[in-house]
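Let me begin by presenting the structure, written as structure tokens, before commenting on it.
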Amino acid sequence: MPTDKEIYQSASVLIRRHGDGAGFHATMRADTMLEAGDLDVLAVWKRIIRAVDEQQSIEVEGQTH
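Numbering follows this note's numbering, with no gaps: position 17 of the sequence shown is 27.
Rendered as structure tokens:
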């Protein structure tokens, strides 16, 4: 099972590669794991989704308009 640090690093990579689409990309991967019946990897992707959402919400809060 990946550590929290590894989960947040994975989320950061997804955000850099996919920008605002990072959450969508992670969700698609999670759906693929669900369809394949790989519940262990599904659980990892769910953690990554939460980390992406958290990091993106922090980025939005830090922006000034």
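Using N, Cα and C, we set each Cβ at its ideal position, and we do this for glycine too.
What does the Cβ neighbour count give for residue i, buried or exposed, with the cut at 16 atoms within 10 Å?
| i | result |
| --- | --- |
| Arg26 | exposed |
Cβ atoms of residue j and residue i: under 8 angstroms apart, would you say?
| i | j | result |
| --- | --- | --- |
| Ala36 | Leu52 | no |
| Gln65 | Ser22 | yes |
I'd like the list of long-range same chain contacts for residue i, defined as Cβ closer than 7 angstroms, with 5 residues on each side in sequence excluded.
| i | result |
| --- | --- |
| Met43 | Val51, Leu52, Trp55 |
| Asp63 | Gly33 |
Using a Cβ-Cβ cutoff of less than 8 angstroms, which residues in the same chain neighbour residue i once the five nearest sequence positions on both sides are dropped?
| i | result |
| --- | --- |
| Ile17 | Val54, Arg57, Ile58, Ala61 |
| Pro12 | Ser20, Val54, Arg57 |
Three or more C-beta pairs below 8 angstroms linking the segment 42–55 and the segment 22–34: They do not touch, by the three-pair rule.
Uninterrupted alpha helix (DSSP H) stretches inside the segment 28–75 (no shorter than 4 residues): Inside the segment 28–75, DSSP marks whole alpha helix (DSSP H) runs of 4 or more residues at positions 32–46, 49–72, from first to last along the chain.
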